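Asker: This structure is in structure tokens; I'll ask about it shortly.
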Amino acid sequence: MRGGGGDRLHRHAAAAMAAPALAGLALFVALPFVAAVVLSFTDQRLGSPLASRFVGWEQYRRLLADPLFRRAIANNLSFAAVVVPVQTGAALGLALLLNRRLAGRAIFRALFFLPVVFPMALVAVVWVVIYAPGPSGPMNALLAAATGGAWSPRDFLHDPAWAMPALILLSIWQGVGFQMVVLLAGLQAIPAELYEAAVVDGASPWGRFLHVTLPGLRSPLIFVAVVTAILAFRLFDQVRIMTRGGPNGATTTVIFEAVAAAFDRQEVARGAAITVIFFLLVVAITAAQRRLLRPRGVAR
Amino acid sequence: MAWVAACGLALVYVAPVAMMVAGSLKPDARVLAEAGSWRAISLAGASLANYRDAFIRVDLGRSLLNSLVITTSVVILGLGVNSLAGYAFARMTWRGRGWLFAAVTALMVLPFEAIAVPLFYGVSLLGWRDSYSVQILPFVANAFSIYLFYTFFLGLPRELEEAARVDGAGPWRTFVEVVAPNARPCFATVAILTFLTQWGSYLWPLMVTGGPRVRPLPVAIAAFYTLPPRAWGDILAFGVVMAAPVVLLFLLFQRAFVRGVATTGVKG
Amino acid sequence: MRYRLILLLAVLALACRDHHGGGRTPDIEVWFHTGQPGEQRTIEAQVARFNAGQDEITVHLTLLPEGSYNAQVQAAAAAGALPDLLELDGPFLYRYVWQGALRPLDDLLPATTLAGLLPSLRTQGTCGGHLYGVGSFDSGLGLWGDRATLAAVGARLPVTSGAAWSAEEMEGILDRLAAADPDGAVLDLKLNYAGEWFTYAFSPLLQSAGADLIDRTTGRAGGTLDSPAAVAALTRLQGWIRRGRVDPNLDDAAFTGRRVALSWVGHWEYPRYHAALGDDLVLLPLPDFGHGSRTGEGSWQWAIPAASRSPEGAAAFLAFLLRPEEVGAMAAANGGVPATGAAIARSPLYRPGGPLRLFVAQLTGGVAVPRPRTPAYPVITAAFQRCFDDLRNGGDVHAALARAAAAIDRDLADNRGYPPTRGRR
């Protein structure tokens with residue numbers, strides 16, 4: 000082991016190594032976060048010649064009283080409530096399907112994962128074509144074919160009832176691949192002996208699924224569920240590009256409202272308050288994950 | 000049986016992509032007209048006219064260059080900065096290491112959207128806008144990347160570094176010549192995850208870029224799509240060019256992609 | 000290995016170096032919104048003509064998407080990154096003046112140019128006694144009609160605002176048209192448009208009914224925007240939508256495809272409508288809801304930021320754009336009302352006897368009402384747009400208007416009534 004002089008050099012080197020990243024995090028992450036909280040207690044506007052004032056909880060009061068903001072939170076919640084189980088379930092199904100020794104499994108995996116690498120802005124634009132109104136729109140045509148002509152064409156993105164489901168579908172399409180890959184890796188990590196033991200015990204395929212697969216997948220399942228839930232609250236790109244929060248607030252989301260306030264209307268204090276609320280929601284979800292992931296059998 | 004199901008699902012799944020590619024090769028008027036039938040993916044009369052239009056009319060080349068510059072800069076600078084920090088946390092003792100690492104893991108919880116608004120406000124006040132640097136620098140340091148590197152370096156056998164120390168190498172040389180070359184999988188994972196995130200970044204460039212000069216692809220396609228009249232063929236060609244680099248990377252480095260994504264899952 | 004890394008970083012640093020224009024003084028940066036393709040082509044041609052015609056100044060044109068134009072400009076203003084000359088959507092000018100972002104144009108433009116301007120444009124660009132904005136065209140808003148179909152239901156065709164249909168008369172005509180129409184949708188209100196359109200197009204309805212967006216002296220909306228007259232007028236409009244008289248117009252071809260006989264829209268559709276309907280196209284004044292036919296006015300106008308590095312150069316380009324032939328070129332491209340009397344006289348559309356003469360008459364005859372000229376305008380229009388969104392989907396009109404008025408008044412209080420300031424400079 001080196002002596003004291005070397006250790007000091009070591010410590011300096013360590014600090015120097017960590018410094019750029021820490022400086023970046025402090026400047027571009029920690030500082031803005033603190034600024035968000037501070038801003039949310041003012042009435043600061045971008046570019047206003049008036050001095051900003053401290054207004055206490057006023058921004059939060061207004062947000063919680065604003066029907067459009069409440070609708071945004073409700074939209075995020077309903078989005079999460081649908082997407083998390085459906086997308087996870089679909090991903091699990093696909094992972095189970097691909098877990099067998101299928102010919103060309105790598106190709107299948109690649110095909111299902113492909114949409115994940117697409118930028119969401121691109122997915123949004125392409126699906127605008129898919130949701131085109133009129134009978135020649137792909138989705139309308141598909142539904143007409145599937146219902147034997149009983150379906151009358153709709154303009155999904157401008158219909159208050161169909162806009163959100165339309166966004167949900169395309170988000171699921173884009174995101175399933177990611178979850179599938181994680182669950183597939185999880186499936187492959189389950190030792191074969193457990194299945195063999197279950198067979199020996201006389202378990203049916205469904206029983207094997209319930210008692211070997213699902214418990215073995217507990218950690219990755221919770222992980223993908225939480226990630227998807229958080230992504231559900233970050234929902235922005237599709238909304239901004241395809242529906243702009245309409246029609247009539249049917250698809251507005253928390254982040255869309257934050258950008259509308261801070262960027263479109265220069266109300267940075269209100270936007271900051273929205274993002275603080277958003278952060279609290281994310282913390283709540285993450286805390287729930289931590290609780291769920293606590294090893295079983297630990298006394299509460 | 001399962002194979003048939005898989006094939007069927009894959010075909011349905013890939014249909015939008017096929018439609019995008021086929022539409023990019025058709026004249027604009029035919030894109031919407033044929034979208035609702037199997038002809039959506041037909042390649043009859045394919046031509047590259049839309050690509051030419053996209054490059055000339057809406058400066059696709061410029062947006063592509065912007066995306067490439069910004070994304071590769073974030074990736075490369077990020078790899079350097081975050082790996083060093085991860086190593087410093089994992090392998091070295093220094094004052095403040097403990098609580099600083101706790102702070103870093105706490106920051107991992109913050110999605111970008113939580114700080115987008117105050118960051119936008121801050122850079123606007125500073126007059127830092129509509130440039131490459133404002134799209135690169137805020138994203139170089141990344142708590143999650145640091146964490147990935149940290150976990151990986153923890154798992155490296157200590158013999159490597161001890162051998163380097165015996166050779167008389169200081170911490171910098173040890174890192175560059177011994178540790179980093181053995182961390183290729185981790186570098187690959189972080190590079191891929193960062194590339195994916197940055198290539199598709201829309202919210203931030205939307206707020207800090209104006210005209211086409213430094214605007215990256217996602218904002219450009221969104222602006223192009225709102226431009227009257229809507230030339231769908233050109234727009235889809237734009238989309239193909241936008242997706243091509245990441246798809247190419249994915250196909251080339253599929254294993255690394257999958258491993259990277261799966262790793263984030265195992266971490267939990 | 001280390002050296003290669005350093006080299007790579009150096010190359011990256013070079014690539015990151017931001018692209019700026021060439022020399023400082025002779026370059027003028029100009030921002031324009033991406034609107035109709037014709038406007039875009041025209042401005043690009045004008046920039047080329049200007050650059051070619053002299054070699055003291057080079058103009059660089061940047062096109063910003065219309066959807067986020069105002070947000071972009073505001074962010075740039077806060078960042079001190081405004082160009083030398085830029086366009087602003089008419090009534091948004093006053094907020095920029097209040098913020099101190101613009102400089103007056105009185106001393107920069109030739110007096111002859113200013114003298115020939117349409118009075119409505121002078122009004123639009125004036126704030127606090129100084130001229131801050133100049134448009135190269137003004138807008139016209141009216142009711143375009145399909146002459147043949149209207150004649151078939153026996154509708155008279157007023158040619159002056161004074162003779163406009165009353166609201167009841169219009170409703171009767173709509174009913175008669177609907178009876179003869181396969182899907183009953185006979186009116187196009189451009190419901191497919193987004194944003195500022197709704198305030199521009201439908202606040203004249205309020206004014207025609209004797210109400211308004213705000214009280215123009217106090218700036219408050221309460222009692223004016225949600226007055227009984229306003230509620231009645233918008234309820235009637237909502238009734239047309241509810242009864243299916245209005246085409247959703249998702250393909251923007253309801254009128255050109257002859258699905259509807261009437262289209263409530265502005266001058267910019269003239270080229271397309273004329274191409275589709277030819278001599279069957281007729282321009283009518285908007286209906287009279289009780290206090291006379293009213294219509295909208297105002298459009299994009301040019302302004303020079305206070306921080307412009309070369310205001311004289313910017314003014315030179317602006318003076319070029321205001322030459323009769325240039326004004327005529329832009330007006331020909333988008334069908335707008337040319338900014339100067341000279342250009343109007345030369346315009347085949349707008350000179351006496353021209354098909355769009357009604358627009359000129361409306362602008363000079365007090366029929367056209369400017370949108371509120373106040374720094375609060377962005378908030379006013381946002382509130383009205385939201386209100387219109389509510390009522391077009393069947394919401395309660397009075398409640399929607401009351402909410403909008405409350406939002407406007409609350410913003411007024413938040414900003415301490417928008418006191419006159421010297422801005423940030």
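Protein chains in written order, with numbering that gives the first Met the number 0: chain A, 0 to 299; chain B, 0 to 267; chain C, 0 to 424. Backbone N, C-alpha and C define an ideal beta-carbon position, used for all residues, glycine too. Since we're looking at a predicted model, the values are computed, not measured.
1) Is there at least one Cβ from chain A nearer than 8 Å to Asp408 of chain C's Cβ?
2) If Pro90 of chain C and Arg370 of chain C are in contact, beta carbons under 8 Å, what's the gap, nearest whole angstrom?
3) Taking buried to mean at least 16 other C-beta atoms within 10 Å of its own C-beta, is Arg239 of chain A buried or exposed?
4) Any beta carbon from chain B within less than 8 Å of Asp236 of chain A's own beta carbon?
5) Cβ of Ala434 of chain C less than 8 Å from any chain B Cβ?
6) Considering only the alpha carbon of each residue, which of B:Leu106, B:Pro215, B:Phe174 lies closest to Phe27 of chain A?
7) Could you tell me which whole beta strand (DSSP E) segments of length 3 or greater appear in the segment 104-157 of chain C?
8) Is the Cβ-Cβ distance between Val181 of chain A and Ile234 of chain B less than 8 Å?
9) Does Val57 of chain B get closer than 8 Å to chain A when you measure Cβ to Cβ?
10) For Gly22 of chain C and Arg40 of chain C, what's the separation of their Cα atoms in angstroms?
11) Going by DSSP, what residue range makes up the alpha helix (DSSP H) through Phe223 of chain B?
12) Three-state secondary structure (DSSP) at Thr150 of chain B?
13) If the cut-off is 9 Å on Cβ atoms, which residues from the segment 22-37 of chain C count as contacting chain B, listed in chain order?
14) Taking the C-alpha atoms as reference points, what is the distance between Asn69 of chain C and Asp263 of chain A?
15) For Asp225 of chain C and chain A, any beta-carbon pair shorter than 8 Å?
16) Pro159 of chain A touches chain C at which residues, Cβ-Cβ below 8 Å?
17) Check this for me: beta carbons of Ala176 of chain C and Val152 of chain C, under 8 Å apart or not?
18) Only counting runs of 3 or more residues, tell me where the beta strand (DSSP E) segments fall wholly within the segment 216-263 of chain A, in order along the chain.
19) Give me the Cα-Cα distance between Ala425 of chain C and Phe249 of chain B, rounded to the nearest whole angstrom.
20) Using 8 Å as the threshold, is the C-beta distance between Thr294 of chain C and Gln384 of chain C below it?
21) Given that Ala242 of chain B touches chain A, what residues does it touch there, using C-beta distances under 8 Å?
22) Show which residues of chain C have a CB atom less than 7 Å away from the CB atom of Ser51 of chain A.
23) With 8 Å set as the bound, which would you pick, yes or no: does the beta-carbon of Pro64 of chain C sit closer than that to a beta-carbon of chain B?
24) How would you write the range of the alpha helix (DSSP H) that Pro137 of chain A sits in, first residue to last?
25) Quick check on this structure: which residue in B:Pro211, B:Asp58, B:Asp27 has the alpha carbon closest to the alpha carbon of Ala48 of chain B?
26) Quick check on the DSSP output: the beta strand (DSSP E) that includes Ser32 of chain C runs from which residue to which?
27) Can you give me the start and stop residues for the beta strand (DSSP E) that Ala302 of chain C sits inside?
28) Output, in sequence order along the chain, the residues in the segment 113-134 of chain B whose CB is closer than 8 Å to any CB in chain C.
29) Would you give the residue range spanned by the beta strand (DSSP E) that Asp52 of chain B belongs to?
30) Which ranges does the alpha helix (DSSP H) cover as unbroken runs of at least 4 residues, wholly within the segment 186-214 of chain C, from first to last along the chain?
31) Given 8 Å as the limit, is there contact between the segment 218-229 of chain B and the segment 81-93 of chain A, that is, 3 or more CB pairs closer than that?
32) Would you mind reading off the limits of the alpha helix (DSSP H) that contains His397 of chain C?
33) Excluding sequence positions up to five away, which residues of its chain have a Cβ less than 6 Å from the Cβ of Gly183 of chain C?
34) Does any residue of chain A bring its CB to less than 8 Å from the CB of Asn81 of chain B?
35) Just confirm the distance between the C-beta atoms of Ala342 of chain C and Gly327 of chain C, as a whole number of angstroms; I'd bet it's less than 8 Å.
36) By alpha-carbon positions, which one of B:Val246, B:Ala255, B:Thr262, B:Val257 ends up nearest to Leu309 of chain A?
Answerer: According to the structure shown:
1) Reading the third sequence from its first residue, position 409 is the one you call residue 408 of chain C. No, Asp408 of chain C does not count as interfacial toward chain A.
2) On the third sequence, residue 90 of chain C is found 91 positions in, with the first residue counted as 1. On the third sequence, residue 370 of chain C is found 371 positions in, with the first residue counted as 1. Pro90 of chain C to Arg370 of chain C, Cβ: 4 Å. Contact.
3) As a working note, residue 239 of chain A is residue 240 in the first sequence. The residue in question, Arg239 of chain A, is buried, as its Cβ has 16 or more Cβ neighbours within 10 Å.
4) Residue 236 of chain A sits at position 237 when you count from the first residue of the first sequence. At least one chain B Cβ lies under 8 Å of Asp236 of chain A.
5) The first residue shown for chain C is 0 and the last is 424, placing residue 434 of chain C beyond what the model contains.
6) Taking the first sequence and counting its residues from 1, the one referred to as residue 27 of chain A is at position 28. For the residues B:Leu106, B:Pro215, B:Phe174, the minimum Cα distance to Phe27 of chain A belongs to B:Leu106.
7) 140-145
8) In the first sequence, the residue the question calls residue 181 of chain A occupies position 182. In the second sequence, the residue the question calls residue 234 of chain B occupies position 235. No.
9) In the second sequence, residue 57 of chain B corresponds to position 58, counting from 1. Taking Cβ atoms only, chain A never reaches closer than 8 Å to Val57 of chain B, which makes this a no.
10) Against the third sequence, residue 22 of chain C aligns to sequence position 23. Against the third sequence, residue 40 of chain C aligns to sequence position 41. Residue placement at Gly22 of chain C is poorly supported in this model, since its pLDDT is 44, which falls under 50; the coordinates are not used for a value here.
11) The residue you call residue 223 of chain B lines up with position 224 of the second sequence. It spans 216-225 - the alpha helix (DSSP H) in which Phe223 of chain B sits, taken as one unbroken run.
12) To locate residue 150 of chain B, count along the second sequence from 1; it is residue 151. Residue state, collapsed to three classes: helix.
13) Close to chain B, meaning a Cβ-Cβ distance shorter than 9 Å, are the following residues of the segment 22-37 of chain C: Trp30, Thr33, Gly34, Gln35, Pro36.
14) Within the third sequence, residue 69 of chain C is the residue found at index 70, counting from 1. Within the first sequence, residue 263 of chain A is the residue found at index 264, counting from 1. Rounded to the nearest angstrom, the two C-alpha atoms are 7 Å apart.
15) What you label residue 225 of chain C is simply residue 226 of the third sequence in a count that begins at 1. Asp225 of chain C does not count as touching chain A.
16) The residue given as residue 159 of chain A occupies position 160 in the first sequence. Going along chain C in sequence order, the residues near Pro159 of chain A (Cβ under 8 Å) are Asn392.
17) For this step, residue 176 of chain C is matched to residue 177 along the third sequence. For this step, residue 152 of chain C is matched to residue 153 along the third sequence. Position check: residue 176 of chain C holds Leu in this sequence, whereas Ala was assumed. Leu176 of chain C places its beta carbon less than 8 Å from that of Val152 of chain C.
18) none
19) Residue 425 of chain C lies beyond the residue range present for chain C, which begins at 0 and ends at 424; the question has no answer from this structure.
20) What you label residue 294 of chain C is simply residue 295 of the third sequence in a count that begins at 1. What you label residue 384 of chain C is simply residue 385 of the third sequence in a count that begins at 1. Cβ atoms of Thr294 of chain C and Gln384 of chain C: not closer than 8 Å.
21) Walking along the second sequence from the start, residue 242 of chain B turns up at place 243. Going along chain A in sequence order, the residues near Ala242 of chain B (Cβ under 8 Å) are Val116, Phe117, Pro118, Leu121.
22) Mapped onto the first sequence, residue 51 of chain A falls at position 52. The premise fails here: Ser51 of chain A is roughly 11 Å from chain C at the closest Cβ pair, so nothing lies under 7 Å.
23) Translated into positions along the third sequence, residue 64 of chain C becomes position 65. For Pro64 of chain C, the answer is yes, since a Cβ of chain B falls inside 8 Å of its Cβ.
24) Here residue 137 of chain A is taken as the residue at index 138 of the first sequence, counted from 1. Segment 137-145, the alpha helix (DSSP H) holding Pro137 of chain A.
25) As a first step, residue 48 of chain B is located in the second sequence; it is residue number 49 there, counting from the start. When only C-alpha atoms are compared, the closest one is B:Asp27.
26) In the third sequence, the residue the question calls residue 32 of chain C occupies position 33. First, the amino acid is wrong: residue 32 of chain C is His here, not Ser. His32 of chain C -> beta strand (DSSP E) spans 26-33.
27) What you label residue 302 of chain C is simply residue 303 of the third sequence in a count that begins at 1. That run of the beta strand (DSSP E) goes 299-304.
28) Phe119, Val122, Ser123, Leu124, Leu125, Gly126, Trp127, Arg128, Asp129, Ser130, Tyr131, Ser132
29) Here residue 52 of chain B refers to the residue found at position 53 when the second sequence is read from its first residue. Element bounds for Asp52 of chain B: not the beta strand (DSSP E) but the alpha helix (DSSP H), 48-56.
30) 196-207
31) no
32) Your numbering for residue 397 of chain C matches position 398 in the third sequence. According to the DSSP assignment, His397 of chain C belongs to the alpha helix (DSSP H) that extends over 396-413.
33) The residue given as residue 183 of chain C occupies position 184 in the third sequence. For Gly183 of chain C, where only same-chain residues beyond five positions count, the Cβ hits under 6 Å are Ala177, Gly243.
34) Position 82 of the second sequence, counting from 1, holds the residue named residue 81 of chain B. Judged by the 8 Å Cβ criterion, Asn81 of chain B is in contact with chain A.
35) Translated into the one-based positions of the third sequence, residue 342 of chain C becomes position 343. Translated into the one-based positions of the third sequence, residue 327 of chain C becomes position 328. In this structure, Ala342 of chain C and Gly327 of chain C form a Cβ contact; the two beta carbons are roughly 5 Å apart against a cut-off of 8 Å.
36) It is not possible to answer for residue 309 of chain A, since the shown part of chain A is limited to 0 through 299.
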